[in-house]
Amino acid sequence: MARRPSKHLRQPRPLPDSLGQAQSKVDGTWVVQALSAGRTDKEYLCPGCNQRIAAGSPQIVAWPRTAHVGSSSPVAERRHWHTPCWNRRR
Ligand SMILES: [Zn+2]
């Protein structure tokens, strides 16, 4: 029996998570990226509850789709959020 490796068994490539996802909130459109556990090695302060987000815990990074006036780039305005805190935002 021939044991040819099948091309069809290849796993689909995961989407690069740098793509982010646009979400509309009361203060505009934000690009949101979910970070899974172990993706950070720093603690961040969550703007939703003013509590620390433990390094390496799953979290949300969000930045405005359009930079605010006076800001060099939207990505410079990115914030880390606890996932539930972000989801509570309107
Ligand atoms: Zn929070």
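Each residue of the sequence shown is one higher than the one before, starting from 0 at the first, in numbering that gives the first Met the number 0.
Glycine included, every Cβ here is placed at the ideal spot set by N, Cα and C.
Can you find the residues in the same chain that come closer than 6 Å, C-beta to C-beta, to residue i, ignoring five residues on each side of it along the sequence?
{"i": "residue 35", "result": "57"}
{"i": "residue 89", "result": "25"}
Roughly how many whole angstroms lie between the Cα atoms of residue i and residue j?
{"i": "residue 22", "j": "residue 63", "result": "10 Å"}
{"i": "residue 39", "j": "residue 3", "result": "41 Å"}
{"i": "residue 59", "j": "residue 25", "result": "18 Å"}
{"i": "residue 28", "j": "residue 20", "result": "10 Å"}
Starting from residue i, trace the alpha helix (DSSP H) both ways and give me its first and last residue.
{"i": "residue 87", "result": "82-87"}
How is the beta strand (DSSP E) around residue i delimited, first residue to last?
{"i": "residue 24", "result": "20-24"}
{"i": "residue 75", "result": "Per DSSP, residue 75 belongs to no beta strand (DSSP E) and is neither H nor E."}
{"i": "residue 30", "result": "27-34"}
{"i": "residue 61", "result": "58-63"}
Could you tell me if residue i is buried or exposed, where buried requires 16 or more neighbouring beta carbons within 10 angstroms of its beta carbon?
{"i": "residue 45", "result": "buried"}
Only counting the same chain, and skipping five residues up and downstream in sequence, which positions put a Cβ closer than 8 Å to that of residue i?
{"i": "residue 55", "result": "36, 37, 38, 39 and 40"}
{"i": "residue 87", "result": "47"}
Please determine, among the options, the residue with the shortest C-alpha to C-alpha distance to residue i.
{"i": "residue 75", "options": "83, 66 and 81", "result": "66"}
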